[in-house]
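J.: Each residue of the sequence shown is one higher than the one before, counting from 29 in our numbering.
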Amino acid sequence: MQAALQRALGRRGMEVFSCTDGRQALAQWTDTQPDVVVLDLSLPGMDGLQVLEQARLRGLATPVLILTARGTVGDRIMGLNTGADDYLPKPFDLDELEARLRALGRRRAATALPLENDAGAQIVGELRYEKDSGAIYHRDQVLELTPRELALLQALIAKPGHAVSKERLFELVFPGEADVQYEAVEVVVYRLRKKLAQTGVTLVTLRGLGYLLKVDA
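Here it is, written out as structure tokens:
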């Protein structure tokens, strides 16, 4: 079925990467950053729910459609609670699968990925980063940020939905400042998180991985 599905989606204009076990799937997901993931729950080595859980812990925000023969309500709820975006039980109609995948792709393009307009601005949700001026706007209002808050937000806005390590943020926010404590990043994060309240974008902490921007659903 995997090979047949890859051929069918390929004929419909999609570039498809397939994996034969859960560990390979997680590695492929991390390396290629696909637009959408179709995930079977019954995978050898590491099952689909474990793959999904690990991916979310790594800050991978790719939309996920679970495709499985497990059709009970409990399995569906478990998958959605783990971080899936949609669920399609087997057997399924190929046209419906394609429609759902394209819908997930459009949703990611609209809300999760940074966009660049003709003026060279990056857009994440309701935030807009004007590269020429260096200012970041919420709708039409400039966000009042300190230079360190601005540097941190600029680093995160370039990778929405993906974690930026604390080490990298420290380098960008406190360049060449050897006398600054490493934990000072947390203070800047705390202040910036408060300023992002009500903007529709949340600054999320991922233990052991760093920080990321997430567009609120």
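Even glycine gets a Cβ: it sits at the ideal position worked out from N, Cα and C.
What three-state label does DSSP hand V92 in the structure shown?
T.: DSSP places V92 in strand when its eight states are reduced to three.
J.: If you run the structure through DSSP and keep just helix, strand and coil, what is G87?
T.: Correct three-state label for G87: coil.
J.: Which whole-angstrom value is the C-beta distance of V232 and G153, which I expect to be below 8 Å?
T.: With a Cβ gap of about 13 Å, V232 and G153 do not count as contacting.
J.: Counting only the same chain and skipping the five closest in sequence on each side, list residues whose C-beta sits under 7 Å from that of L122.
T.: Cβ neighbours of L122 beyond the five flanking positions: A36.
J.: By how many angstroms is the C-alpha of T227 removed from the C-alpha of L33?
T.: Rounded to whole angstroms, L33 to T227 spans 40 Å at the Cα level.
J.: Per DSSP, T233 is paired with what?
T.: BP columns for T233 point to Y239.
J.: Tell me which same chain residues have a C-beta within less than 8 Å of the C-beta of T58, skipping the five on either side of it?
T.: Around T58: A83, R86 and L88.
J.: Compare the C-alpha of L241 against each of L67, G189, Y157 and P119 and name the closest.
T.: Measuring from the Cα of L241, the nearest candidate turns out to be G189.
J.: Check whether the Cβ atoms of T90 and V64 sit closer than 8 Å, and answer yes or no.
T.: In contact: T90 and V64 (Cβ atoms closer than 8 Å).
J.: In the DSSP assignment, find the alpha helix (DSSP H) that holds V215 and state where it starts and stops.
T.: Counting along the chain, the alpha helix (DSSP H) containing V215 begins and ends at A212 to K223.
J.: Which value, in whole angstroms, describes the spacing of the CA atoms of L155 and F198?
T.: Rounded to whole angstroms, L155 to F198 spans 23 Å at the Cα level.
J.: Reducing DSSP to helix, strand and coil, say where P262 ends up.
T.: The structure shown does not extend to residue 262, since the chain is modelled only from 29 through 245, so no value can be given for it.
J.: In three-state DSSP terms, what is E246?
T.: Only positions 29 to 245 of the chain appear in this structure, which leaves residue 246 out of reach.
J.: For A127, name the three-state secondary structure that DSSP assigns.
T.: Helix at A127.
J.: What are the boundary residues of the alpha helix (DSSP H) that L181 is part of?
T.: L181 -> alpha helix (DSSP H) spans P175 to I185.
J.: To the nearest angstrom, how far is the alpha carbon of R39 from that of L71?
T.: Their Cα atoms are separated by approximately 25 Å.
J.: Would you please state the rounded distance, in angstroms, between the beta carbons of E177 and L234? I believe it to be under 8 Å.
T.: Not a contact, Cβ separation roughly 20 Å.
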